[in-house]
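Please read the structure below before turning to the comments.
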Amino acid sequence: RAQPQAYQQQLQSQASSPPPSPESTIYPPWHYGAPQPSDYPSARRIDPTKPQPQGQSAVGQTPARPPSAPTTPSPAAMLANLPQPSEQLPKPSGALANTPGPLPFMAPSTPTPTTSQRDTDGGGRFKKVRELGSGGFGKVWLAVDQNLDRTVAVKFAHAPDTETEQRMLREGRALAAVRHPNCVRIYDIVSEPDGLGIVMEYIEGPSLSQQVRGKGRLDDVAAARLWSTMAGALDAAHAKGVLHRDVKPSNVLIDPEGAPHLIDFGIARSKGDSTLTATGMMMGTPDFLAPETATGKPATPASDAWQLAATVSFALAGQPPRGTRDDVMSALMAAANGAELTELPTDSAHYGLLRAALHTDPTHRPTLDAIREHLGQWLAATGHAEEGPVTAAVAPSESTTKSNIKRS
Numbered sequence: 095r096a097q098p099q100a101y102q103q104q105l106q107s108q109a110s111s112p113p114p115s116p117e118s119t120i121y122p123p124w125h126y127g128a129p130q131p132s133d134y135p136s137a138r139r140i141d142p143t144k145p146q147p148q149g150q151s152a153v154g155q156t157p158a159r160p161p162s163a164p165t166t167p168s169p170a171a172m173l174a175n176l177p178q179p180s181e182q183l184p185k186p187s188g189a190l191a192n193t194p195g196p197l198p199f200m201a202p203s204t205p206t207p208t209t210s211q212r213d214t215d216g217g218g219r220f221k222k223v224r225e226l227g228s229g230g231f232g233k234v235w236l237a238v239d240q241n242l243d244r245t246v247a248v249k250f251a252h253a254p255d256t257e258t259e260q261r262m263l264r265e266g267r268a269l270a271a272v273r274h275p276n277c278v279r280i281y282d283i284v285s286e287p288d289g290l291g292i293v294m295e296y297i298e299g300p301s302l303s304q305q306v307r308g309k310g311r312l313d314d315v316a317a318a319r320l321w322s323t324m325a326g327a328l329d330a331a332h333a334k335g336v337l338h339r340d341v342k343p344s345n346v347l348i349d350p351e352g353a354p355h356l357i358d359f360g361i362a363r364s365k366g367d368s369t370l371t372a373t374g375m376m377m378g379t380p381d382f383l384a385p386e387t388a389t390g391k392p393a394t395p396a397s398d399a400w401q402l403a404a405t406v407s408f409a410l411a412g413q414p415p416r417g418t419r420d421d422v423m424s425a426l427m428a429a430a431n432g433a434e435l436t437e438l439p440t441d442s443a444h445y446g447l448l449r450a451a452l453h454t455d456p457t458h459r460p461t462l463d464a465i466r467e468h469l470g471q472w473l474a475a476t477g478h479a480e481e482g483p484v485t486a487a488v489a490p491s492e493s494t495t496k497s498n499i500k501r502s
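Each step along the sequence shown adds one to the number in the working numbering, with nothing skipped, and position 165 is 259.
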């Protein structure tokens, strides 16, 4: 059929024009890669949802341009959409989360604590040698790390609930960041059949309580070094937000060179505080509890400092500052009531400093830093170095014999 003249001219003009470039072609969402019908002259619109007659085009009998086949983005195009090396990844905030977990821009890591690897004979990673102690809801074992062939101390603790386990994990991780030569190091936290395993540095040597019972009371120089060194270890822990909660002579170990080491940072303790369990049973001796913690108040750096002063007083006098009681509850009541300090070493050069450090009011006690400064000046004035063994003992007096030195 003849076409109108104006329409024929339009066709000729369109045929002589160059085809639209791919860059300017607009593709509809229903057919990726196909040019829009409006890019070509047409006497009618094509409904893309309906099939067209075979060989029929949009304009009369002129063959239609075949539509492009649906395409899939090439691998190169897909790679081009990925973040390039120049793009900045999000950075961590630097703050520790309250609950352990992966950083926000990292894939979830393996669950913590990690499950200890098993060796071929079916045993655990840690081969137990002998029990070193027990308390609370955990036991401490001398063990051999069979993966690293290293002697370690492992505390196996059965957390009574998830919240306590998470607190133990957080505190263990925080203590692992403490760097002090006289503060026990944490190597690892693992999950073992015996419970949550806190793998620690093993310090070979007697405890301070064993040292005093076996060799006698410390002299003033050894006591000053002990006090200053342990104050530094506590300061390092406090700087990382870790409280000890249970400083006492049995938690200070003396290595073969005579250097003291602070151990057992109260990681495996009941929820709330380190004094009582939910049933009211005592977890250890109350003879070295600060008055405020004996009444149920939370532990603080000041309460740690009180316990350290009481430990030093024991090393000098051979007795806890308040003496001993026949039963646990009587000792706890004496601590809570701020009983008189009847067993201080009155003949020691450190008597005055001990009285101040053992004040019942935490706000009236000198800080650990002030104590270290005072002891450093005293050692210098008496011609002694701050560093040295803490094993020098004085001869037992009639009032303080080995039989009178109580276990802490």
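Virtual Cβ for every residue (Gly too), placed ideally from N, Cα, C.
Residue i versus residue j: straight-line alpha-carbon distance, rounded
i	j	result
L236	D358	14 Å
V293	M324	22 Å
G239	F250	Residue identity check: residue 239 is Asp in the sequence provided, not Gly. Using only the alpha carbons, I get a separation of about 14 Å.
A268	V336	7 Å
P483	P300	14 Å
L469	A451	13 Å
A396	L447	15 Å
V488	N345	22 Å
P415	G227	25 Å
E225	V234	6 Å
D314	D398	22 Å
S303	D243	31 Å
Y281	K221	16 Å
G352	E481	10 Å
D288	G232	9 Å
T369	G477	Because T369 carries a pLDDT of 44, less than 50, the predicted location of this residue cannot be relied on, and the following value inherits that uncertainty. If you take the alpha carbons of T369 and G477, they lie about 41 Å apart.
T308	E467	First, the residue type needs correcting, since residue 308 is Gly and not Thr in the sequence shown. Those two C-alpha atoms are separated by around 31 Å.
A318	R311	13 Å
H252	W472	45 Å
P392	P456	12 Å
L402	A475	23 Å
A261	A428	Residue 261 is actually Arg in this sequence, not Ala. Using only the alpha carbons, I get a separation of about 30 Å.
A443	R449	12 Å
S322	N276	11 Å
P254	G417	33 Å
T387	T245	35 Å
H274	W400	21 Å
D420	N241	47 Å
L263	V284	10 Å
A270	T454	32 Å
L384	A479	The question names Leu, but residue 384 is Ala in the sequence shown. Cα to Cα, A384 sits roughly 30 Å from A479.
Y445	I465	13 Å
Proximity of residue i and residue j at Cβ, strictly below 8 Å
i	j	result
H338	I297	no
K334	V278	no
A433	P380	no
A247	T485	no
T394	A430	no
F382	V341	yes
L320	V406	yes
Beta-carbon separation (whole angstroms), residue i vs residue j, contact threshold 8 Å
i	j	result
G266	I348	Not a contact, Cβ separation roughly 24 Å.
G218	E295	Incorrect: roughly 19 Å between the Cβ atoms, too far for contact.
P350	V306	Wrong, their Cβ atoms sit about 17 Å apart, outside the cutoff.
E257	L290	Wrong, their Cβ atoms sit about 13 Å apart, outside the cutoff.
Short CB-CB distance (under 8 Å) between residue i and chain C
i	result
L410	Protein chains in the displayed structure number just one, and chain C is not present.
Residue i - partner residues in DSSP beta bridges
i	result
M294	A247, I280
I348	P354
W235	E225, V248
E286	G289
S301	L347
TODO: Mind the definition here: the region 455-474 touches the region 315-333 only if three or more C-beta pairs lie below 8 Å; say whether that holds.
DONE: Judged by Cβ distances under 8 Å, the region 455-474 makes contact with the region 315-333, as three or more pairs qualify.
Open item on the list: With a threshold of 8 Å, are at least 3 pairs of Cβ atoms found where one atom belongs to the region 433-440 and the other to the region 411-422?
Closed with: yes
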